[in-house]
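Working notes, beginning with the structure itself.
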Amino acid sequence: MSNPALLCTLATLTAAVVLATLPPAAEAAPTAKGPLGFTVKNIDGKDVPLSRYKGNVVMIVNTASLCGNTPQYAKLETLYQKYKGRGLRILAFPANDFGQQEPGSNTEIKTFCSTKYRTTFDLFGKVSVKGADQAPLYRYLTSKGTNPKYGGDVEWNFAKFLVGRDGQVVGRFPAGKDPLAPDVVEVIEAQLAKQPAKTAAAK
């Protein structure tokens, strides 16, 4: 005769083994909402739901303070000032993944950006954009499963992903690409020309 308690224990152990062996992608199921379906920490440590940016054109950039590309901060600010009135938002995510070029604390990064480059676009807390500690947002952006057209590993500091008014990734520009390059501006202007959804709440 079977022992109910033993069967229950075996079932529990089996379930635990199944859960333990699920691939990491299973943890990313909520990312089906799109890149703006995440909540992230801003540079001051406060939660920010990226859904607040829906209806805008959003450029997501991994940044660093000691990189040869760091002067792009100034060009990103110029881009933001030119197009923010039409709905462009720039989200900067400091990362120390490449050459240890972002070693500072969030407070130090915030001070650096505001004093040296006088940035006014949105700055978020330091994250990892690759490896075991990769932030969920960047897991979404780089995975070919969730971002088949523009996925792939972030190659260096200041890689740029562009999200359209519909909340989907519509472009990607390499780390060394000038944010004010004509082909970058052309794509941004084309996306800004599209009408946002009526339910979208611009920041």
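Reading the sequence shown from the start, the letters are residues -28 to -1, 1 to 175 in mature numbering (1 follows the signal peptide of the UniProt record, and there is no 0).
Every residue gets a Cβ at the ideal spot worked out from N, C-alpha and C, and that includes glycine.
Note that the coordinates shown come from a computational prediction; the quantities given were computed from them, not determined experimentally.
Pairing Ala64 with Phe96 gives a Cβ-Cβ distance under 8 Å.
Just so you know, the alpha carbons of Asp155 and Glu74 end up roughly 28 Å apart.
In this structure, Leu164 lies away from Lys47, with their beta-carbon atoms at least 8 Å apart. If the five residues before and after Lys13 are omitted, its C-beta is found closer than 8 Å to the C-beta atoms of Asp19, Val20, Phe96 and Gly97, all from its own chain and listed in chain order.
Taking the Cα of Phe145 as reference, the smallest distance to any Cα among Tyr112, Ala107, Asn34 and Ile81 is reached at Asn34. By the 16-neighbour rule on beta-carbons within 10 angstroms, Lys132 is buried. Restricting attention to beta strand (DSSP E) runs no shorter than 3 residues, the stretch 7 to 36 encloses them at 11 to 13, 19 to 21 and 29 to 35, ordered along the chain.
Counting C-beta pairs closer than 8 Å gives three or more between the stretch 114 to 132 and the stretch 30 to 44, which meets the contact rule.
Note: Lys132 is bridge-paired with Val33 and Phe145 in the DSSP secondary-structure output. Taking a C-beta distance under 8 Å as the contact criterion, Lys102 and Arg137 do not qualify as a contact pair. The Cβ atoms of Glu49 and Thr11 lie no closer than 8 Å to each other.
Cβ-Cβ distances below 8 Å link Lys121 to Val141 in the same chain, with the five nearest sequence neighbours on each side left out; the list follows chain order.
By the CB criterion at 8 Å, Thr114 and Val126 fall inside the cutoff. In this structure, Leu8 and Gly139 form a Cβ contact; the two beta carbons are roughly 5 Å apart against a cut-off of 8 Å.
Boundaries of the beta strand (DSSP E) around Arg61: Leu60 to Pro66. Within the model, the alpha-carbon separation for Pro108 versus Lys54 is close to 30 Å.
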